[in-house]
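Colleague: In this note's numbering, the protein residues as written are 20 to 85. Backbone N, C-alpha and C define an ideal beta-carbon position, used for all residues, glycine too. Just so we're clear, the structure is a prediction, and the values are computed from it rather than from any experiment.
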Ligand SMILES: [Zn+2]
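(1) Is residue 44 near ligand 1, going by C-beta to nearest heavy atom under 7 Å?
(2) Is the Cβ-Cβ distance between residue 34 and residue 70 less than 8 Å?
(3) From 32, 40 and 60, pick the residue whose C-alpha is nearest to that of residue 26; which is it?
(4) Smallest Cα separation from residue 24: which of 45, 76 and 74?
Listed below in structure tokens is the structure:
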């Protein structure tokens, strides 16, 4: 699993596009997309379903550490 770069899907419903980008470029990609194509409006986001899952994982981590 280490040889696989983790990617996140960036979803823009306004453009009707989904783009997978490396994890560490996701925030920047969203920001750049919205600035260039949507005048800084938050149209593109990291896949909300995936974010939910990450939040669940993070919450589980916190419970374990506390
Ligand atoms: Zn867009």
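Modeller: So, from the data block:
(1) On the chain shown, position 25 is the one that residue 44 refers to. No, the beta carbon of residue 44 sits no closer than 7 Å to any heavy atom of ligand 1.
(2) Residue numbering aside, residue 34 sits at position 15 when the chain shown is read from its first letter. Residue numbering aside, residue 70 sits at position 51 when the chain shown is read from its first letter. It is not a contact, given that the beta carbons lie outside the stated cut-off.
(3) Mapped onto the chain shown, residue 26 falls at position 7. Measuring from the Cα of residue 26, the nearest candidate turns out to be 40.
(4) In the chain shown, residue 24 corresponds to position 5, counting from 1. It is 45 whose Cα lies nearest to the Cα of residue 24.
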